[in-house]
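Trainee:
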Amino acid sequence: MVSGTMNKPDLLTELAVRPLVCDGAMGTQLLAHGIKSGECATLWNVDRPADVRAVHDAYCAAGCDLLTTNTFGGSSIALDRHGLAERAAELNEAAAKIAREAAGRRAWVLGDVGPFGDFLEPFGETTADALRESFRIQIQGLVTGGADAVLVETMSDPAEAVAGVEAAREVDANVPVVVTYAFQKAAPGVFKTMMGTSVEEAVSRAVGAGAGIVGANCGTSLDLEDYVELGKQLVASAGGTPVVVQPNAGAPRMVGEETVYDATPAQMAAAARDLLQAGVRIVGGCCGTTPAHVAAVAAAVKGR
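Residue numbers (this note's numbering): 1270 to 1573.
1. Scan the region 1396 to 1457 and note each continuous alpha helix (DSSP H) run of 4 residues or more that stays entirely inside, going in chain order.
2. Assign V1431 to buried or exposed, taking buried as 16 or more other Cβ atoms, counted over all protein chains shown, within 10 Å of its Cβ.
3. Any contact between the region 1393 to 1402 and the region 1299 to 1307? By contact I mean 3 or more CB pairs, one from each, below 8 angstroms.
4. Would you call the CB atoms of G1488 and D1495 closer than 9 angstroms?
5. Excluding sequence positions up to five away, which residues of its chain have a Cβ less than 8 angstroms from the Cβ of R1350?
6. Quick one: give me the first and last residue of the beta strand (DSSP E) that I1304 is part of.
7. Could you check if R1287 is buried or exposed, using at least 16 other CB atoms within 10 Å of its CB as the buried criterion?
8. Quick check on DSSP: helix, strand or coil for E1362?
9. What residue range does the alpha helix (DSSP H) around L1336 cover?
10. May I ask you to list the residues that DSSP assigns as paired with S1467?
11. Taking V1529 as part of the alpha helix (DSSP H), name the residues at either end of that continuous run.
12. Between E1422 and D1381, what straight-line distance do the alpha-carbon atoms span, to the nearest angstrom?
13. Hey, how far is the Cα of A1294 from the Cα of D1316?
14. Pull up the distance between the alpha-carbon of L1360 and that of T1510, whole angstroms please.
15. Flag this pair as touching only if the region 1432 to 1445 and the region 1404 to 1411 have three or more C-beta atom pairs under 8 angstroms; answer yes or no.
16. Counting Cβ pairs, one atom from each stretch, are 3 or more of them under 8 angstroms apart for the region 1413 to 1421 and the region 1454 to 1466?
17. Please list the terminal residues of the continuous beta strand (DSSP E) segment that includes A1485.
18. Report the CB separation of T1340 from A1301 in whole angstroms; it is logged as a contact under 8 angstroms.
19. Can you give the Cα-Cα distance for G1415 and H1325, rounded to whole angstroms?
20. Would you decide whether D1531 is buried or exposed? Buried here means 16 or more other CB atoms lie within 10 Å of its CB.
21. What are the boundary residues of the beta strand (DSSP E) that G1380 is part of?
22. Look up R1550 in the DSSP assignment and say whether it is helix, strand or coil.
23. Among L1299, A1520, S1344 and P1516, which has the Cα closest to the Cα of A1538?
24. By the three-class DSSP mapping on this structure, what secondary structure does M1537 have?
25. Can you tell me whether T1282 is buried or exposed, with buried defined as 16 or more other CB within 10 angstroms of its CB?
26. How long is the line joining the alpha carbons of L1379 and A1540, rounded to whole angstroms?
27. If you drop the 5 nearest sequence neighbours on each side, which residues of the same chain put their C-beta closer than 8 angstroms to that of L1299?
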């Protein structure tokens, strides 16, 4: 494993002492560095490492405690769509090394495992065993590169989340695993994933599989008040397991061909305070968030 993880407390131990701040969006930041729509962002870890490092550095400077690797689409199944399946271990290890170097001993590195991009049987053709193996290859690269924990994020199907947790356990039985789901509003105050999974069931399945931290990121058309209510429900369902919430910068809207997020850093900071009050232990950002948003969240979380 890459050096840099020593002399820093265990993530779960630290969470028991103080709340932490996660970073924000990666994709929109890479767009600002010139990545094109449809381009493989994971490949930038070897082709454009300085640009990836610049995003991590900006979030570190903003005060985040957790850096997320640039591997959202880094499973071998997802990479196969770009003809890169055989490079999964290499690209994920490279990503973790970049984040590890940026984090130093100031921050923990979360090895990012996003959705594989299809449905498991019986809705799709991918078996749970095939998915678990794809995730295992990815996570092995992330851990080898220096990730402190594994983030299985933007999940809709609890079975996919469970496959991610199980794969992480195969790689390292002791690595902390974070699972976050993407929820949408089914009715006022009622949140479900795209697969129709309730907050309670989503949390129960993840924790039952061995996740040490659970929560939500992204979400369809949720505003900041919705994320606060969702945070309350997650905490109530988690039974003492630490909860993370990473809101988008407000509900998205389309302006021509562009997706716009209107929440200001000050509004994100106010939501962060409300989330902490609700019992959430990690606050970060997802789509549309920038280092400026994260800096405001960090100031709110750390009382600056």
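Heads up, the beta-carbon is just placed ideally off N, CA and C, and yes, glycines get one too.
Mentor: For this structure:
1. 1397 to 1414 and 1427 to 1440, all fully within the region 1396 to 1457.
2. Translated into the one-based positions of the sequence shown, residue 1431 becomes position 162. Buried, by the Cβ-count rule.
3. Counting Cβ pairs under 8 angstroms, fewer than three are found: no touch.
4. The sequence position of residue 1488 within the sequence shown is 219, counting from 1. The sequence position of residue 1495 within the sequence shown is 226, counting from 1. In contact: G1488 and D1495 (Cβ atoms closer than 9 angstroms).
5. Here residue 1350 refers to the residue found at position 81 of the sequence shown. Scanning its chain for C-beta atoms nearer than 8 angstroms, with the 5 sequence neighbours on each side dropped, one finds around R1350 the residues G1386, in chain order.
6. To locate residue 1304, count along the sequence shown from 1; it is residue 35. No residue range can be given for I1304, since it is assigned to no beta strand (DSSP E) and is classified by DSSP as neither H nor E.
7. Here residue 1287 is taken as the residue at index 18 of the sequence shown, counted from 1. R1287 is exposed by the Cβ-count criterion.
8. The residue given as residue 1362 occupies position 93 in the sequence shown. Looking at E1362 - three-state DSSP - the assignment turns out to be helix.
9. Looking up residue 1336 in the sequence shown gives position 67. Segment L1335 to T1337 is the beta strand (DSSP E) holding L1336; no alpha helix (DSSP H) there.
10. Your numbering for residue 1467 matches position 198 in the sequence shown. The partner list for S1467 (beta bridge, DSSP) reads K1461.
11. Position 260 of the sequence shown, counting from 1, holds the residue named residue 1529. For V1529, there is no enclosing alpha helix (DSSP H); the residue is part of the beta strand (DSSP E) that begins and ends at E1527 to V1529.
12. Here residue 1422 corresponds to residue number 153 of the sequence shown, with the count starting at 1. Here residue 1381 corresponds to residue number 112 of the sequence shown, with the count starting at 1. In a straight line, the C-alpha of E1422 is about 7 angstroms away from that of D1381.
13. Taking the sequence shown and counting its residues from 1, the one referred to as residue 1294 is at position 25. Taking the sequence shown and counting its residues from 1, the one referred to as residue 1316 is at position 47. If you take the alpha carbons of A1294 and D1316, they lie about 20 angstroms apart.
14. Counting from 1 along the sequence shown, the entry for residue 1360 is found at position 91. Counting from 1 along the sequence shown, the entry for residue 1510 is found at position 241. Rounded to the nearest angstrom, the two C-alpha atoms are 31 angstroms apart.
15. Flag = yes, the region 1432 to 1445 and the region 1404 to 1411 touch.
16. No: the two stretches stay apart, fewer than three of their Cβ pairs being nearer than 8 angstroms.
17. Position 216 of the sequence shown, counted from the first residue, corresponds to residue 1485. Counting along the chain, A1485 sits inside the beta strand (DSSP E) bounded by residues I1482 to N1486.
18. Within the sequence shown, residue 1340 is the residue found at index 71, counting from 1. Within the sequence shown, residue 1301 is the residue found at index 32, counting from 1. The pair is not a contact, with the Cβ atoms about 19 angstroms apart (cut-off 8 angstroms).
19. Translated into the one-based positions of the sequence shown, residue 1415 becomes position 146. Translated into the one-based positions of the sequence shown, residue 1325 becomes position 56. Each residue's alpha carbon lies about 15 angstroms from the other.
20. Residue numbering aside, residue 1531 sits at position 262 when the sequence shown is read from its first letter. The residue in question, D1531, is exposed, as its Cβ has fewer than 16 Cβ neighbours within 10 Å.
21. Along the sequence shown, one-based indexing puts residue 1380 at 111. For G1380, the enclosing beta strand (DSSP E) begins and ends at W1377 to V1382.
22. The residue you call residue 1550 lines up with position 281 of the sequence shown. Coil at R1550, not helix or strand.
23. As a first step, residue 1538 must be located in the sequence shown, where it is residue number 269. If we check each option's Cα against that of A1538, P1516 comes out closest.
24. Along the sequence shown, read from residue 1 onward, the residue named residue 1537 stands at position 268. It is helical.
25. The residue given as residue 1282 occupies position 13 in the sequence shown. Exposure of T1282 is indicated by the presence of fewer than 16 other C-beta atoms within 10 angstroms of its C-beta.
26. Counted from its first residue, the sequence shown places residue 1379 at position 110. Counted from its first residue, the sequence shown places residue 1540 at position 271. L1379 and A1540 have their C-alpha atoms spaced approximately 23 angstroms apart.
27. Here residue 1299 refers to the residue found at position 30 when the sequence shown is read from its first residue. These residues qualify, in order along the chain: A1310, W1313, D1320, V1321, V1324 and N1339.
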